[in-house]
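One structure below.
2 protein chains.
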Amino acid sequence: MNTRFYNARILTVSDCEIKLGEVWVEGSKIAYCGEKKASDITFDREIDLDGNVIMPSFKNAHTHSAMTFLRSYADDLPLDEWLHTAVFPMEAKLTGEDVYWLTKLAVMEYLTSGTSACFDMYMKLEDAAKAVTECGFRMVMSGAVNNFNDDALGDLEKYYNRFNNYNELVSYKLGFHAEYTTSINILEGISEIAHKYKAPVYAHNSETASEVKGCIDRYGKTPTELMESLGLFDFGGGGYHCVHMSQNDLDIFKQRGLYAVTNPASNCKLASGIAPLAKMSQMGIRLAIGTDGPASNNALDMFREMYLAYALQNISCCNAAAFSPYELLKMATSGGAMAMGLESCDDIAVGKSADLIVIDLKQPNMQPLNNIPKNIVYSGSKQNVVLTMVNGRILYENGIFNINADPQEIYSKSNEITERIKTS
Amino acid sequence: MNTRFYNARILTVSDCEIKLGEVWVEGSKIAYCGEKKASDITFDREIDLDGNVIMPSFKNAHTHSAMTFLRSYADDLPLDEWLHTAVFPMEAKLTGEDVYWLTKLAVMEYLTSGTSACFDMYMKLEDAAKAVTECGFRMVMSGAVNNFNDDALGDLEKYYNRFNNYNELVSYKLGFHAEYTTSINILEGISEIAHKYKAPVYAHNSETASEVKGCIDRYGKTPTELMESLGLFDFGGGGYHCVHMSQNDLDIFKQRGLYAVTNPASNCKLASGIAPLAKMSQMGIRLAIGTDGPASNNALDMFREMYLAYALQNISCCNAAAFSPYELLKMATSGGAMAMGLESCDDIAVGKSADLIVIDLKQPNMQPLNNIPKNIVYSGSKQNVVLTMVNGRILYENGIFNINADPQEIYSKSNEITERIKTS
Numbered sequence: 315m316n317t318r319f320y321n322a323r324i325l326t327v328s329d330c331e332i333k334l335g336e337v338w339v340e341g342s343k344i345a346y347c348g349e350k351k352a353s354d355i356t357f358d359r360e361i362d363l364d365g366n367v368i369m370p371s372f373k374n375a376h377t378h379s380a381m382t383f384l385r386s387y388a389d390d391l392p393l394d395e396w397l398h399t400a401v402f403p404m405e406a407k408l409t410g411e412d413v414y415w416l417t418k419l420a421v422m423e424y425l426t427s428g429t430s431a432c433f434d435m436y437m438k439l440e441d442a443a444k445a446v447t448e449c450g451f452r453m454v455m456s457g458a459v460n461n462f463n464d465d466a467l468g469d470l471e472k473y474y475n476r477f478n479n480y481n482e483l484v485s486y487k488l489g490f491h492a493e494y495t496t497s498i499n500i501l502e503g504i505s506e507i508a509h510k511y512k513a514p515v516y517a518h519n520s521e522t523a524s525e526v527k528g529c530i531d532r533y534g535k536t537p538t539e540l541m542e543s544l545g546l547f548d549f550g551g552g553g554y555h556c557v558h559m560s561q562n563d564l565d566i567f568k569q570r571g572l573y574a575v576t577n578p579a580s581n582c583k584l585a586s587g588i589a590p591l592a593k594m595s596q597m598g599i600r601l602a603i604g605t606d607g608p609a610s611n612n613a614l615d616m617f618r619e620m621y622l623a624y625a626l627q628n629i630s631c632c633n634a635a636a637f638s639p640y641e642l643l644k645m646a647t648s649g650g651a652m653a654m655g656l657e658s659c660d661d662i663a664v665g666k667s668a669d670l671i672v673i674d675l676k677q678p679n680m681q682p683l684n685n686i687p688k689n690i691v692y693s694g695s696k697q698n699v700v701l702t703m704v705n706g707r708i709l710y711e712n713g714i715f716n717i718n719a720d721p722q723e724i725y726s727k728s729n730e731i732t733e734r735i736k737t738s
Numbered sequence: 315m316n317t318r319f320y321n322a323r324i325l326t327v328s329d330c331e332i333k334l335g336e337v338w339v340e341g342s343k344i345a346y347c348g349e350k351k352a353s354d355i356t357f358d359r360e361i362d363l364d365g366n367v368i369m370p371s372f373k374n375a376h377t378h379s380a381m382t383f384l385r386s387y388a389d390d391l392p393l394d395e396w397l398h399t400a401v402f403p404m405e406a407k408l409t410g411e412d413v414y415w416l417t418k419l420a421v422m423e424y425l426t427s428g429t430s431a432c433f434d435m436y437m438k439l440e441d442a443a444k445a446v447t448e449c450g451f452r453m454v455m456s457g458a459v460n461n462f463n464d465d466a467l468g469d470l471e472k473y474y475n476r477f478n479n480y481n482e483l484v485s486y487k488l489g490f491h492a493e494y495t496t497s498i499n500i501l502e503g504i505s506e507i508a509h510k511y512k513a514p515v516y517a518h519n520s521e522t523a524s525e526v527k528g529c530i531d532r533y534g535k536t537p538t539e540l541m542e543s544l545g546l547f548d549f550g551g552g553g554y555h556c557v558h559m560s561q562n563d564l565d566i567f568k569q570r571g572l573y574a575v576t577n578p579a580s581n582c583k584l585a586s587g588i589a590p591l592a593k594m595s596q597m598g599i600r601l602a603i604g605t606d607g608p609a610s611n612n613a614l615d616m617f618r619e620m621y622l623a624y625a626l627q628n629i630s631c632c633n634a635a636a637f638s639p640y641e642l643l644k645m646a647t648s649g650g651a652m653a654m655g656l657e658s659c660d661d662i663a664v665g666k667s668a669d670l671i672v673i674d675l676k677q678p679n680m681q682p683l684n685n686i687p688k689n690i691v692y693s694g695s696k697q698n699v700v701l702t703m704v705n706g707r708i709l710y711e712n713g714i715f716n717i718n719a720d721p722q723e724i725y726s727k728s729n730e731i732t733e734r735i736k737t738s
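Chain order of the listed sequences is A and B. If you count the first sequence from 1, you need to add 314 to reach my numbering. If you count the second sequence from 1, you need to add 314 to reach my numbering.
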């Protein structure tokens with residue numbers, strides 16, 4: 315499948331520049347990006363963008379996709395109570411088939427907000443991989459090791475090998491749920507596996523003040539310090555949330571080149587706090603954005619996350635220029651790609667994977683055209699996304715899904731599953 | 315024009331209940347709301363909602379519509395610098411025709427997020443009234459008296475009589491810009507007019523800490539205390555923003571039945587602070603939500619405002635249940651209507667004005683249907699708005715505008731005006 319986009323405003327996020335021209339997609343890759351010229355490629359489709367923006371897709375760098383079933387069910391509770399009363403008992407009832415359908419529902423929502431890939435920490439991985447692969451969506455799985463599995467380390471290594479050799483849309487990163495749910499013995503075992511494969515490690519990190527306090531009480535170290543001391547960051551990796559970070563934690567992130575993945579809506583929903591993004595950015599720490607799961611957000615909308623990250627930094631820094639909108643755009647696109655090991659999906663450039671979106675400027679919230687990147691970050695909405703392409707395939711266009719599945723069936727199944735779990 | 319909506323989920327905000335049934339619109343009013351039954355009305359259109367939600371439209375209770383030209387231009391500055399370097403010099407170049415086109419652009423954006431009416435504080439009122447009337451949109455004008463008009467009080471009374479006798483879509487409330495831009499003599503004059511007409515008074519109030527400090531330095535009173543002492547609240551009214559409120563200010567708001575209109579995105583953009591909505595709600599103070607103008611937001615999206623109000627309360631109160639989603643929905647609909655004196659536009663009920671919207675539940679962010687009002691507040695997006703009706707007329711449906719104007723012309727004119735102002 316080869317696609318030509320012409321009459322485009324091409325927005326590259328490496329420089330936040332806009333150039334007029336064309337983008338050619340040959341198979342799964344970007345074959346050309348530049349001024350209008352003749353092509354010897356045979357295109358299956360030629361799409362006149364009529365001045366609309368083509369840009370790299372968003373990468374949702376932390377989520378738990380199949381938690382769609384808890385949307386608007388597990389609300390208005392602090393994290394600890396939310397996890398133990400609303401989330402864990404319900405999750406225990408999930409089957410593999412449930413995860414398959416609930417993941418497909420999440421994929422649909424990702425596509426509507428221009429997201430082409432998610433960094434997913436969840437369970438029933440065979441079913442999740444099947445769901446995204448059938449849809450044509452990209453998923454990087456994050457290990458979710460914790461104390462409640464019988465063979466957590468064995469599974470981690472098994473999954474690592476299984477899902478890094480699955481297909482081009484699926485990959486797997488070493489990871490664990492969080493320090494407070496994972497014993498020191500298991501953490502040491504994860505470090506051994508990380509060293510064996512020279513692989514980065516990811517986990518929820520310093521999401522709440524009580525998490526950090528608990529870790530210090532147990533080990534005399536913050537979660538970041540503990541992970542560093544165990545060699546878990548010897549090959550890089552990152553942390554989800556990173557709200558309550560000490561200066562030493564930030565220094566470790568900077569020194570190790572770790573990714574801090576911010577989840578502003580989740581941190582508001584669970585009243586966890588505001589991540590120090592402005593300070594992190596000033597220090598040169600690598601940043602990405604995620605929605606977290608639909609139980610802790612409740613939407614999977616990268617426009618909302620970008621805007622919220624901006625709004626919260628201004629408030630917490632008491633500074634109307636606390637954070638650059640251009641950096642937010644990078645975090646949500648190339649930053650996420652790099653955090654997830656999707657180096658070929660970070661921008662619009664020749665040879666890169668064709669993971670891209672089209673933004674409709676002919677909507678009132680995108681007018682006038684004073685500054686298009688700012689329009690996208692400060693006024694943009696998922697409604698402006700008129701096309702989402704993943705790995706060279708158009709999966710969403712003008713509100714229509716092309717995911718080898720019937721949306722109505724996905725909605726029906728999701729409601730059936732939710733009702734069964736709530737009433738069983 | 316008579317319209318029948320059937321197979322509807324009718325969401326009334328007075329009780330946040332959903333009932334299955336029909337809504338009939340006869341002319342500009344709701345003629346029936348209830349279970350399916352035969353009708354003797356001749357309908358021009360019968361719309362099968364197929365289970366989608368019909369609910370009262372949003373009322374944007376504080377904005378400056380024509381400031382669309384400054385979207386993504388006046389950014390990343392604190393309020394004082396933003397006003398004096400980016401806003402006032404540009405606004406001085408606006409003509410009446412500019413305001414006409416720029417207001418139409420805002421109306422389009424309001425309609426896309428399900429907003430049927432705005433409480434607008436701006437200038438060139440004849441042109442704004444012409445613009446909204448041609449579109450069929452509802453505007454309540456707020457007086458914007460300040461020190462820079464030659465005949466501020468004469469104009470206020472003239473406008474009051476002119477625009478309260480203009481047509482059914484336009485009305486006018488007494489008001490002034492803010493204490494810090496309005497002398498005590500003028501404030502006393504506004505109080506006289508308020509007493510003459512027994513009319514409520516509205517103004518920007520306690521938006522920033524420095525505004526409050528300046529007022530205390532000048533008068534030994536907060537802005538709320540000063541207005542109360544001058545009799546400006548003797549017939550009610552309200553304040554826009556209300557971020558930095560003392561206990562006595564809140565007591566005055568409660569006692570006088572004043573409306574506090576919150577503008578969370580604006581308060582983040584300008585790093586002004588977080589309004590104490592949870593406390594206000596606990597005290598029983600009347601609440602509404604506005605976007606503020608597109609220069610200080612930058613979008614005109616009531617979904618974003620509702621979500622941001624919720625997120626900020628959780629953070630500022632360190633409480634994951636700081637504010638009720640049902641109350642947010644009321645604030646954004648009936649609360650705004652009451653604040654603006656649109657008592658007939660507050661909800662879906664017989665005899666009320668047909669100012670209503672349809673929410674598409676067949677989109678992934680609205681599934682599953684655990685709790686529809688929470689889905690709307692916590693996951694909702696303007697993309698879910700598939701129909702906006704104002705005063706019985708469908709002005710927006712499935713992305714198409716029916717506003718007696720060509721959207722492309724409005725975009726072109728808005729860009730031309732913006733370029734002229736930036737370069738002249």
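Just so it is clear, CB atoms sit at the ideal spot from N, CA and C, and this is done for glycine as well.
Can the beta-carbon of residue i be found less than 7 Å from the beta-carbon of residue j?
i, j, result
"S379/A", "T417/A", "yes"
"A592/A", "C631/A", "yes"
"F357/B", "R385/B", "no"
"F715/A", "M422/A", "yes"
"S505/B", "L544/B", "yes"
"Y725/A", "L425/A", "no"
"G268/B", "G571/B", "With chain B covering only 315 through 738, there is no way to say anything about residue 268/B."
"F383/A", "I690/A", "no"
"T522/A", "L393/A", "yes"
"A517/B", "F490/B", "yes"
"M381/B", "P608/B", "yes"
"A635/A", "N633/B", "no"
"P639/B", "K583/B", "no"
"I588/A", "L622/A", "no"
Using CA atoms only, rank isn't needed, just tell me which of the options is closest to residue i.
i, options, result
"S342/B", "F567/B, E506/B, A663/B, D354/B", "A663/B"
"T647/B", "Y320/B, T326/B, E525/B, A719/B", "T326/B"
"I355/B", "C347/B, E340/B, C449/B", "E340/B"
"G604/A", "G598/A, L614/A, Y533/A, P514/A", "L614/A"
"G650/B", "D669/B, F383/B, D548/B, P392/B", "D669/B"
"N712/B", "A719/B, G450/B, L701/B, N718/B", "L701/B"
"V596/B", "N729/B, L683/B, K568/B", "Looking at the sequence shown, residue 596/B is not Val but Gln. When only C-alpha atoms are compared, the closest one is K568/B."
"I599/A", "L564/A, Q722/A, P678/A", "L564/A"
"I717/A", "S430/A, S353/A, N374/A, P370/A", "S430/A"
"D335/A", "A345/A, I344/A, N321/A", "It is Gly, not Asp, that sits at residue 335/A in the sequence shown. Among A345/A, I344/A, N321/A, the Cα nearest to that of G335/A is on N321/A."
Quick one: Cα of residue i to Cα of residue j, how far?
i, j, result
"T399/B", "K407/B", "14 Å"
"I673/B", "I566/A", "47 Å"
"D389/A", "Q697/A", "25 Å"
"N366/B", "K727/A", "18 Å"
"N628/B", "N499/A", "36 Å"
"E331/A", "W415/B", "29 Å"
"K444/A", "I686/A", "37 Å"
"S667/B", "T495/B", "36 Å"
"M645/A", "N581/B", "24 Å"
"K438/A", "Y624/B", "33 Å"
At a threshold of 6 Å, does residue i count as lining the ligand MN (C-beta to nearest heavy atom)?
i, result
"C330/B", "This structure lacks the ligand MN; in fact it carries no ligand of any kind."
Would you check if there are 3 or more beta carbon pairs closer than 8 Å linking the segment 466-473 of chain B to the segment 484-504 of chain B?
-> yes
Three or more C-beta pairs closer than 8 Å, one from the segment 546-563 of chain B and one from the segment 344-361 of chain B: is that the case here?
-> no
For the segment 662-680 of chain A, enumerate the residues whose C-beta is nearer than 8 Å to any C-beta of chain B, in chain order.
-> K676, Q677, P678, N679
Given a limit of 9 Å on CB to CB distance, which residues of the segment 602-620 of chain B reach chain A?
-> P608, N611, N612, A613, L614, D615, F617, R618
Of the residues that make up the segment 679-713 of chain A, which ones have a beta carbon closer than 7 Å to any beta carbon in chain B?
-> N679, Q681, P682, L683, N684, N685, K688, N689, Y692, S693, S695, K696, Q697
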